Amino acid sequence: KAKAKAKEAEAKAQEAEAVERTQKEIVKAKVKKVEAKAKEAEAKAQEAEAVERTQNAIVVAKAKEAEVKAKEGEREQAAQVDDSPGIAAAWFAPFDHVPTADELPSLLRVPLAEKICMPQLADAFPQVTARDGRRSYMLSAVIIALVQGLFADSTNELGNVALLDTVVSSPFIIANRLIHLFSDLTFERNSGEGSLRPDAYCKVNGVIVFKGEDKREASALNDAIAELSWKSCAWNTLFMGELPFMLCYASAGNLMQFGVQKPGRVTMFPNLRFNLKLTQDRIAAFTCAINCCRVIGTLATHGKVAAQLHLYDTFKNDTCEVTIETGFVRKEVHLSWCVALGGSTVCFLTTGVTP
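Letter by letter, the sequence shown follows residues 32 to 386 in this note's numbering.
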């Protein structure tokens with residue numbers, strides 16, 4: 032009986048031990064399950080964090096891309112701004128005093144006040160272009176024409192005239208078109224009316240302030256200078272008012288030279304002689320022409336460009352035309368009533384025009 036009881040107690044002890052082991056295993060299983068869930072939650076949290084970081088990185092990248100595009104747009108917009116009037120205003124600003132004829136050789140060589148933003152030409156032609164700054168499509172086109180030297184190798188008169196128009200005439204046109212430097216400006220080439228007229232002349236307020244003589248061959252430069260002198264006989268206050276001097280140029284083939292006319296004589300400037308076949312000389316001559324405009328603008332600002340009577344003006348009525356020429360007046364009477372002459376004209380020349 033005692034042995035039976037001992038075995039029963041041992042069996043109960045083993046059963047209790049088995050229950051305890053089972054409970055421990057259940058607890059361990061539950062702990063493992065909890066740990067697994069915790070790890071799963073941690074993994075999900077890490078995954079969510081990674082997703083958030085990725086999304087943030089995408090947002091930052093897009094923001095940077097937008098910023099870059101905005102800056103590129105600003106640069107493109109800035110590059111597209113044409114500030115031709117602003118640059119022209121700097122180029123053609125009047126001098127701070129009325130210059131004398133003796134000052135002209137140095138004043139006409141004054142560098143341009145501002146350079147045009149043309150990066151492709153900045154290294155080769157720093158006198159007129161720069162890598163940055165304000166842009167001007169109109170002025171850039173003129174600079175390109177000077178650099179390319181269209182008609183620079185021409186051997187005919189039309190080609191020479193076209194080249195001179197780019198170098199000499201265009202500054203006057205630019206000044207008036209962009210900033211209205213002169214209230215009344217005309218730049219004309221002599222169409223053959225009257226041998227005493229200059230080949231080219233510019234009038235401001237009706238007064239001739241700039242003129243030129245052109246010859247086809249380079250060997251004829253002295254002839255062009257001589258014509259500037261003997262065509263200057265009409266200088267008097269009736270036509271010139273208080274104008275102290277008149278700027279001028281002489282050209283022959285590819286050569287040109289700037290000078291000044293004062294009452295009774297013409298003086299050419301040795302340091303302002305250029306070979307228009309050379310790009311640097313074309314740019315230098317163009318700069319001189321711009322400074323000529325500045326000098327004339329200064330004279331006009333100070334009331335020096337005004338006269339009672341204007342050379343080459345024509346007065347008309349129903350029966351005749353009267354033109355003021357250099358040294359004489361030409362009167363054309365229309366004979367439309369005369370059947371025998373078929374409506375032609377008769378010209379009377381009256382010489383010795385005086386105030």
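Heads up, the beta-carbon is just placed ideally off N, CA and C, and yes, glycines get one too. In this text the structure is predicted, and so the values were computed from the model without any measurement.
Nearest by alpha-carbon distance to residue i: which of the options is it?
| i | options | result |
| --- | --- | --- |
| residue 169 | 195, 112, 124 | 112 |
| residue 357 | 75, 149, 229 | 229 |
| residue 204 | 218, 191, 194 | 218 |
| residue 159 | 330, 260, 321, 353 | 321 |
| residue 276 | 285, 303, 326 | 326 |
| residue 293 | 303, 286, 272 | 272 |
| residue 336 | 284, 349, 278, 296 | 278 |
| residue 175 | 54, 36, 329, 148 | 148 |
| residue 192 | 171, 355, 244 | 244 |
| residue 209 | 66, 338, 123 | 123 |
| residue 236 | 207, 227, 249 | 207 |
| residue 194 | 348, 202, 182 | 182 |
With a 10 Å radius around its C-beta and 16 neighbouring C-beta atoms as the bar for buried, classify residue i as buried or exposed.
| i | result |
| --- | --- |
| residue 141 | exposed |
| residue 52 | exposed |
| residue 57 | exposed |
| residue 313 | buried |
| residue 189 | exposed |
| residue 131 | exposed |
| residue 364 | exposed |
| residue 185 | buried |
| residue 291 | buried |
| residue 119 | buried |
| residue 213 | buried |
| residue 167 | buried |
Give the range of the alpha helix (DSSP H) segment to which residue i is assigned.
| i | result |
| --- | --- |
| residue 168 | 168-179 |
| residue 357 | First-last for residue 357: undefined, no H or E at that position. |
| residue 332 | 310-332 |
| residue 255 | 252-261 |
I need the straight-line Cα distance from residue i to residue j, nearest angstrom please.
| i | j | result |
| --- | --- | --- |
| residue 156 | residue 116 | 22 Å |
| residue 305 | residue 251 | 15 Å |
| residue 254 | residue 282 | 10 Å |
| residue 83 | residue 63 | 30 Å |
| residue 85 | residue 79 | 10 Å |
| residue 256 | residue 299 | 8 Å |
| residue 93 | residue 81 | 18 Å |
| residue 317 | residue 199 | 6 Å |
| residue 286 | residue 307 | 6 Å |
| residue 32 | residue 39 | 10 Å |
| residue 220 | residue 344 | 15 Å |
| residue 177 | residue 303 | 17 Å |
Can you tell me the Cβ-Cβ gap for residue i and residue j, rounded? I've got them flagged as a contact below 8 Å.
| i | j | result |
| --- | --- | --- |
| residue 231 | residue 242 | 6 Å |
Which residue marks the beginning of the beta strand (DSSP E) containing residue i, and which one marks its end?
| i | result |
| --- | --- |
| residue 220 | 216-220 |
| residue 282 | 277-283 |
| residue 299 | 296-306 |
| residue 203 | Per DSSP, residue 203 belongs to no beta strand (DSSP E); it is in the alpha helix (DSSP H), 201-210. |
| residue 287 | 286-293 |
| residue 243 | 238-246 |
| residue 268 | Segment 268-271 is the alpha helix (DSSP H) holding residue 268; no beta strand (DSSP E) there. |
| residue 192 | Not the beta strand (DSSP E): residue 192 falls in the alpha helix (DSSP H), residues 188-195. |
With a cut-off of 7 Å, does the C-beta of residue i fall near any C-beta of chain B?
| i | result |
| --- | --- |
| residue 240 | The displayed structure is made up of one protein chain only, and chain B is not part of it. |
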